[in-house]
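Here the protein sequences come in this chain order: A and B.
Heads up: the first sequence is residues 0 to 282, going by numbering that gives the first Met the number 0.
Heads up: the second sequence is residues 0 to 260, going by numbering that gives the first Met the number 0.
Note that beta-carbon positions come from the ideal geometry of N, C-alpha and C, so glycine has one too.
Report on one structure; see the data block that follows.
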Amino acid sequence: MPLLNFLKPKNELETGGRSQAPVQQDAGEPEKKCPNCHKDIPISKLWADDLVCACGYHFRMKARHRIHLITDKDSFCEMYSELRSGNPLDFPGYMEKLETVQVSSGENEAVVCGTAEIGGQKCCIFVMDSYFMMGSMGSVVGERITSLFEYAAENRLPVVGFTVSGGARMQEGLLSLMQMAKTSAAVKRHSDAGLLYVAVLTDPTTGGVTASFAMEADIILAEPGATVGFAGARVIEQTTKKTLPKGFQTSEFVQEHGFIDRIVKRSDQKKLITDLLKIHNGG
Amino acid sequence: MSEKAYERVKLARDNQRPTGVDYIRNIFRSFIELHGDRRYGDDTAIVGGIGRLNDIPVTVIAIEKGHTAKERSARNFGAPHPEGYRKALRLMKQAEKFGRPIICFIDTSGAYCGVGAEERGQGQAIAENLLEMSTLCVPIISLLVGEGGSGGALALAVADRVWMMQNSVYSVISPEGCASILWKDSELAEKAAASLKLTAEDAKTLGVVERILSEKDMGTKAFYERIRAMLCEELEELSKDPELVGKRYDRFRRIGTKVEA
Numbered sequence: 000m001p002l003l004n005f006l007k008p009k010n011e012l013e014t015g016g017r018s019q020a021p022v023q024q025d026a027g028e029p030e031k032k033c034p035n036c037h038k039d040i041p042i043s044k045l046w047a048d049d050l051v052c053a054c055g056y057h058f059r060m061k062a063r064h065r066i067h068l069i070t071d072k073d074s075f076c077e078m079y080s081e082l083r084s085g086n087p088l089d090f091p092g093y094m095e096k097l098e099t100v101q102v103s104s105g106e107n108e109a110v111v112c113g114t115a116e117i118g119g120q121k122c123c124i125f126v127m128d129s130y131f132m133m134g135s136m137g138s139v140v141g142e143r144i145t146s147l148f149e150y151a152a153e154n155r156l157p158v159v160g161f162t163v164s165g166g167a168r169m170q171e172g173l174l175s176l177m178q179m180a181k182t183s184a185a186v187k188r189h190s191d192a193g194l195l196y197v198a199v200l201t202d203p204t205t206g207g208v209t210a211s212f213a214m215e216a217d218i219i220l221a222e223p224g225a226t227v228g229f230a231g232a233r234v235i236e237q238t239t240k241k242t243l244p245k246g247f248q249t250s251e252f253v254q255e256h257g258f259i260d261r262i263v264k265r266s267d268q269k270k271l272i273t274d275l276l277k278i279h280n281g282g
Numbered sequence: 000m001s002e003k004a005y006e007r008v009k010l011a012r013d014n015q016r017p018t019g020v021d022y023i024r025n026i027f028r029s030f031i032e033l034h035g036d037r038r039y040g041d042d043t044a045i046v047g048g049i050g051r052l053n054d055i056p057v058t059v060i061a062i063e064k065g066h067t068a069k070e071r072s073a074r075n076f077g078a079p080h081p082e083g084y085r086k087a088l089r090l091m092k093q094a095e096k097f098g099r100p101i102i103c104f105i106d107t108s109g110a111y112c113g114v115g116a117e118e119r120g121q122g123q124a125i126a127e128n129l130l131e132m133s134t135l136c137v138p139i140i141s142l143l144v145g146e147g148g149s150g151g152a153l154a155l156a157v158a159d160r161v162w163m164m165q166n167s168v169y170s171v172i173s174p175e176g177c178a179s180i181l182w183k184d185s186e187l188a189e190k191a192a193a194s195l196k197l198t199a200e201d202a203k204t205l206g207v208v209e210r211i212l213s214e215k216d217m218g219t220k221a222f223y224e225r226i227r228a229m230l231c232e233e234l235e236e237l238s239k240d241p242e243l244v245g246k247r248y249d250r251f252r253r254i255g256t257k258v259e260a
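Here it is in structure tokens:
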């Protein structure tokens, strides 16, 4: 499996994925280096290929870009965008961090929610954004996702969710931790109502999001080569003082160990999700 | 102020504090330990079984750290593997089947970080507990008796009532981990401890726990008797409540809703 050989650029988590930010078009044809095959890809080609390199490497993608890619034209109707983070613990530097990230990411929080149609199938959708504090889950992320599952249960709609997250948001302390329980309870109610939830795990899906709604879907898909795990690889290395096995905590690794249903290339996702929605909607 | 929060962290980690097994021995009559998750193995960091609270049959689950170096090593320092959480869930489902209330004692720095834990789905195991505990139709009371470390603690704390010992702590991340990630300096753990609002008083103010238990006579007969009496009283009330599961949902639903519009 060549995909197992993906090398993760080490600085991505540290830079909050900003090294992957869509490069603005300027004079000439700017290029972006693929961290897997190390080839330079012209930006226009990268965008035309939905941020996937010819070698199969999937670059990270902003939430709205993904919504544009997955949902039917003009069908997405955003919900809960009015909910904004405060600084409930008066955590040092949090407000300033939020303000900076809101400008740099163009989002006001780490998840975008709403209703949409995918291949003509009506559903609720949430898409997390790695460019907003590495998709960390604070109160607003928890509240938006919980509200979305409640709305979906009330209106008997399936939920499609794209996860990307470094885990809980430290700056919201216990309130952040409790979002794991809150979102899980909402997923359970939606599930008990007999409704479908499809999750697509994208790079990286870790920590408190893995240990809650990412792993609670009826059908769990993942993008090739994504980091999927609970504890951070570096923390594990430090704790156990052991070298990690090759391909540890990738989509391929978690599929091999039985924790996800399928790995799906970005170009195949819309078709597969449409099909899954149709099958669960009477065929 | 910051020193105070970090002092609490040190107290919560003190290996002289009563551990899960101490609480089980002193509060419940005729405890019968039940092992294994029926899937992979038996995790020594989590002790589970059935016992009697006065005359009420209950299911008891405790994360156990041990006191001595030897005990602590045998208990993996109270850091459960996925099979521990799966054992706990198996026993909780059994409790639901037989209509027994569930009492959990929590004391962990967190779910274990290791290759095997990841291979066996640590995240999935915790997620499943959160999902399933939210609708178990028997009363659940969870007591944080030492460290309440993140998802590994929450996986036994989706309860109707969560109580904390006066010097226990409950946090999304260890103060050292937080300082190291945010400020690249684990020496700033004191500042992180204060910022994280992880003391029992903080948790109560945030609406995350209902009650703080005094430690003034910790470890004495009177101490355990007092906890036994509180548990009995609380279970009597919870057992009569026809809206138990709905109220548990609301208990977590309202946390973190005060967000600015």
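Listed from N- to C-terminal order along the chain, which residues in the segment 121-135 of chain B have their beta-carbon within a distance smaller than 7 Å of any beta-carbon of chain A? Hits within the stretch, in order: Gln121, Gly122, Gln123, Ile125, Ala126, Leu129, Leu130, Ser133, Thr134.
Does the separation of the CB atoms of lysine 269(A) and isoleucine 124(A) fall below 8 Å? Result no, Cβ atoms of lysine 269(A) and isoleucine 124(A) do not sit closer than 8 Å.
Of all the CB atoms in chain B, is at least one closer than 8 Å to the CB of isoleucine 42(A)? Answer no: the Cβ-Cβ gap between isoleucine 42(A) and chain B never drops below 8 Å.
Between which two residues does the alpha helix (DSSP H) holding leucine 90(B) run? Counting along the chain, the alpha helix (DSSP H) containing leucine 90(B) begins and ends at 81-96.
So, helix, strand or coil for cysteine 33(A), using DSSP? Note: cysteine 33(A) maps to coil in three-state DSSP.
Does the segment 65-72 of chain B touch the segment 104-122 of chain B, meaning 3 or more C-beta pairs lie closer than 8 Å? With a cut-off of 8 Å, the segment 65-72 of chain B and the segment 104-122 of chain B do not count as touching, because too few Cβ pairs lie within range.
Taking only beta carbons into account, state which residues of the segment 200-218 of chain B come closer than 7 Å to chain C, listed in chain order. Reference to chain C is not applicable here, since the protein chains of this structure are A and B.
For proline 41(A), the three-state DSSP class (helix, strand or coil): Looking at proline 41(A) - three-state DSSP - the assignment turns out to be strand.
Compute the Euclidean distance between the alpha carbons of isoleucine 172(B) and methionine 169(A), then round it to the nearest angstrom. One C-alpha to the other measures close to 7 Å.
If you compare alpha carbons, which of Met127(A), Ala115(A), Glu81(A), Gly231(A) is closest to threonine 273(A)? With distances taken between Cα atoms, threonine 273(A) lies closest to Ala115(A).
Thinking just about the alpha-carbon of each residue, which of Asn166(B), Phe97(B), Ala87(B), Val168(B) is nearest to the one in leucine 129(B)? For leucine 129(B), the nearest C-alpha among the options comes from Ala87(B).
Who are threonine 114(A)'s beta bridge partners in DSSP? DSSP output for threonine 114(A) lists Cys76(A), Cys123(A) as bridge partner(s).
Between which residues of its own chain and leucine 97(A) is the CB-CB distance below 7 Å, once the five residues before and five after are set aside? Sequence-distant partners of leucine 97(A) (beyond 5 residues in either direction) whose C-beta falls short of 7 Å from its own C-beta, in its chain, are Ser84.
Would leucine 230(B) pass as a contact of isoleucine 102(B) if the rule is Cβ separation under 8 Å? Yes.
Alanine 230(A), buried or exposed, once every other Cβ within 10 Å from all chains shown has been counted against 16: Buried is the call here.
Strictly under 8 Å for the Cβ-Cβ distance: is glutamate 215(A) near chain B by that measure? Yes, contact with chain B.
Rounded to the nearest angstrom, how far is the Cβ of methionine 136(A) from that of alanine 184(A), given a contact under 8 Å? About 15 Å separates the Cβ atoms of methionine 136(A) and alanine 184(A), ruling out a contact at the 8 Å cut-off.
Suppose the cutoff is 6 Å on Cβ atoms and the five residues either side in sequence are ignored; what does the same chain contact list for threonine 134(B) look like? Counting only Cβ-Cβ distances below 6 Å, and skipping sequence neighbours, we find Val244.
Kindly indicate the opening and closing residues of the beta strand (DSSP E) around phenylalanine 104(B). Unbroken beta strand (DSSP E) run through phenylalanine 104(B): 101-107.
With a CB to CB cut of under 7 Å and the five nearest residues on each side skipped, what residues in its chain are close to isoleucine 180(B)? Excluding sequence neighbours, isoleucine 180(B) sits near nothing in its chain.
Starting from aspartate 202(A), trace the beta strand (DSSP E) both ways and give me its first and last residue. Residue range 196-204 is occupied by the beta strand (DSSP E) that includes aspartate 202(A).
With DSSP collapsed to three states, give me the class of tyrosine 5(B). Three-state result, tyrosine 5(B): helix.
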